[in-house]
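J.:
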Amino acid sequence: MATDYAGAVRNGTAAAGRLQRELGIRDFIEVHGGSIDIFDAIRMLDLPLMLRPLKGLLGAYLSAPVPGILVTTERPMSIQRFTAAHELGHYILQHEPSLDDESVLRRMPNSPEPSGKFQEAEADAFAVAFMIPKWLIAAHCRRQDWITANLSNPHIAYQLSLRLGASYEATCRTFERYRLLPAPTVKRLVDTPPKTMKMALLRDYKPANYRGDVWHLTERDAGSRIDGSRNDTFVLSLKEHGASGFIWDFDALVSSGFAIVRDVREAVDPHTVGGAAIRRVTAVSDDIPRGILALEERRPWLPAQPLTQISLDVDLSGPEQLGLSRAERRHLLQAV
Ligand SMILES: [Zn+2]
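In this note's numbering, the protein residues as written are -11 to 324.
Here you go:
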């Protein structure tokens, strides 16, 4: 156990990196994109996990009679994921049992513990390094063609947070931790509520509330895994070559459980006649979309020869519910 805060951050960060290497997580993400599946990591370790409503707690790590993790079902997915990573940190770092309440979130990024021990700081450092490692931010920036300076744009920081599966605030705070952005810039980001970014994306579409996340998806997300929640909305912006007769077909979106609530074409350059346009479609989840979503840009009269195809591996069944985690359900489905 560390004896000071800096030591706790070093221990937690090192343990997270070791576990990522052991489980081959980086190799998997570099192929499949998406976020680090903390619940799958817990499954791979055969560590018992219980998802259930917890009174006044976000999660707990228990060590007797056998080690195990509890995570609340009463919170958004980003908080469930962070809590699960924090509890996994307690297990990996062989800590004392811990009942973790809201202070897990308030404590970030640092504050000493009254006990004089640093196990909570170690578990927090483990959680941040495991869920939001610097290499994962870099991988998403490469895929999206963002440079570090772009992260000071709250719209980009918000989209990155969705792809990391982290809360917007936790994502912004890591920019400071990794010295990607200066503290005043991070404060300005944290002070911008995500509702602002959601409203800008949704434009004239007004949802019943702004609790769900709004994913802005483009060709750059092709082939990647989208792990979201039941109330999430997709805004797809795809280049469409209408002048050559190619039109995006969004039937797959509807058959996967989405309802299209807005569909417009925006000229890439209003002065070019007949050039490519951006087809901008807003789709809200009607059911619980899950599975491969394959979209094609093709000539309606020659459907067999699409110009562009993109597929997204979508799972909007979050947050985690009572019972098996999504990772456990996926694993069981693959096994049958
Ligand atoms: Zn704890």
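Backbone N, C-alpha and C define an ideal beta-carbon position, used for all residues, glycine too. In this text the structure is predicted, and so the values were computed from the model without any measurement.
(1) Should Gly56 be flagged as near chain D, meaning a C-beta pair shorter than 8 Å?
(2) Given a cut-off of 8 Å, decide if Ala(-10) and Phe106 are closer than it, judged by their beta-carbon atoms.
(3) Put Arg268 into one of helix, strand or coil per three-state DSSP.
(4) Got a sec: does ligand 1 put a non-hydrogen atom nearer than 7 Å to the Cβ of Val92?
(5) When you get a sec, list the residues whose CB is within less than 6 Å of any heavy atom of ligand 1, chain order please.
(6) From what residue to what residue does the alpha helix (DSSP H) around Lys175 run?
(7) Expressed to the nearest angstrom, what Euclidean distance is found between the alpha-carbon atoms of Ser51 and Leu226?
(8) Could you check where the beta strand (DSSP E) with His326 kicks off and where it finishes?
(9) Helix, strand or coil for Leu310? Go by DSSP, reduced to three states.
(10) Would you be able to state if there are at least three C-beta pairs under 8 Å between the stretch 132 to 145 and the stretch -4 to 15?
(11) Output yes or no for whether 8 Å exceeds the beta carbon distance between Val59 and Gly47.
(12) Once you ignore the five residues that flank Phe234 on each side, which residues in its own chain have a CB closer than 7 Å to its CB?
(13) Keeping to the same chain, check which residues put their C-beta closer than 7 Å to that of Thr159; ignore five residues upstream and five downstream.
(14) Give the single residue among Ala231, Val(-3), Asp251, Arg218 whose Cα lies nearest to the Cα of Leu224.
(15) Looking at the unbroken alpha helix (DSSP H) that takes in Asp28, where does it start and where does it end?
(16) Go ahead and pull the three-state DSSP assignment for Gly216.
(17) Given a threshold of 16 other Cβ atoms within 10 Å of its Cβ, counted over all protein chains shown, does Gly22 qualify as buried or as exposed?
(18) In this structure, does DSSP put Leu81 in helix, strand or coil?
(19) Pick out whichever of His204, Arg199, Thr206 has its Cα sitting closest to the Cα of Pro64.
(20) Give a yes or no on whether the C-beta atoms belonging to Tyr79 and Pro55 are separated by under 8 Å.
(21) Per DSSP, Phe246 forms a beta bridge with which residues?
(22) So what does Arg40 bridge to, in DSSP terms?
T.: Result, derived from the coordinates:
(1) Here there is only one protein chain, and chain D is not present.
(2) The residue labelled residue 106 in the question sits at position 118 within the sequence shown. The residue labelled residue -10 in the question sits at position 2 within the sequence shown. Yes, the pair counts as a contact, with Cβ atoms nearer than the cut-off.
(3) The residue you call residue 268 lines up with position 280 of the sequence shown. Arg268: strand per DSSP, three-state reduction.
(4) Residue mapping note: residue 92 aligns to position 104 of the sequence shown, counting from 1. At least one heavy atom of ligand 1 is nearer than 7 Å to the Cβ of Val92, so yes.
(5) His74, His78, Ser86, Asp88, Glu108, Ala111
(6) For the purposes of this step, residue 175 is taken as residue 187 along the sequence shown, with counting starting at 1. That run of the alpha helix (DSSP H) goes 171 to 178.
(7) Stepping through the sequence shown from its first residue, residue 51 is reached at position 63. Stepping through the sequence shown from its first residue, residue 226 is reached at position 238. Answer to the nearest angstrom: the Cα atoms are 50 Å apart.
(8) This structure leaves residue 326 out entirely; the chain is present only between -11 and 324.
(9) Counted from its first residue, the sequence shown places residue 310 at position 322. Leu310 falls in the coil class under three-state DSSP.
(10) no
(11) As a position in the sequence shown, residue 59 is number 71, starting the count at 1. As a position in the sequence shown, residue 47 is number 59, starting the count at 1. Their beta carbons are under 8 Å apart, which means Val59 touches Gly47 by this criterion.
(12) To locate residue 234, count along the sequence shown from 1; it is residue 246. Cβ neighbours of Phe234 beyond the five flanking positions: Glu228, Glu285, Arg286, Arg287, Leu295.
(13) Counting from one through the sequence shown, the residue named residue 159 turns up at place 171. Closer than 7 Å at Cβ, skipping near neighbours: Ile120, Ala145, Leu148, Ser149, Leu152.
(14) Position 236 of the sequence shown, counting from 1, holds the residue named residue 224. For the residues Ala231, Val(-3), Asp251, Arg218, the minimum Cα distance to Leu224 belongs to Asp251.
(15) In the sequence shown, the residue the question calls residue 28 occupies position 40. That run of the alpha helix (DSSP H) goes 26 to 32.
(16) Position 228 of the sequence shown holds residue 216. Here Gly216 sits in strand by DSSP.
(17) Mapped onto the sequence shown, residue 22 falls at position 34. Classification of Gly22: buried, given that the 10 Å Cβ count is 16 or more.
(18) Walking along the sequence shown from the start, residue 81 turns up at place 93. DSSP places Leu81 in coil when its eight states are reduced to three.
(19) Position 76 of the sequence shown holds residue 64. Nearest option by C-alpha distance: Arg199.
(20) Translated into positions along the sequence shown, residue 79 becomes position 91. Translated into positions along the sequence shown, residue 55 becomes position 67. Closer than 8 Å, so yes.
(21) Here the question's residue 246 lines up with position 258 in the sequence shown. Paired residue(s): Ser273.
(22) As a first step, residue 40 must be located in the sequence shown, where it is residue number 52. Thr60, per the DSSP bridge assignment.
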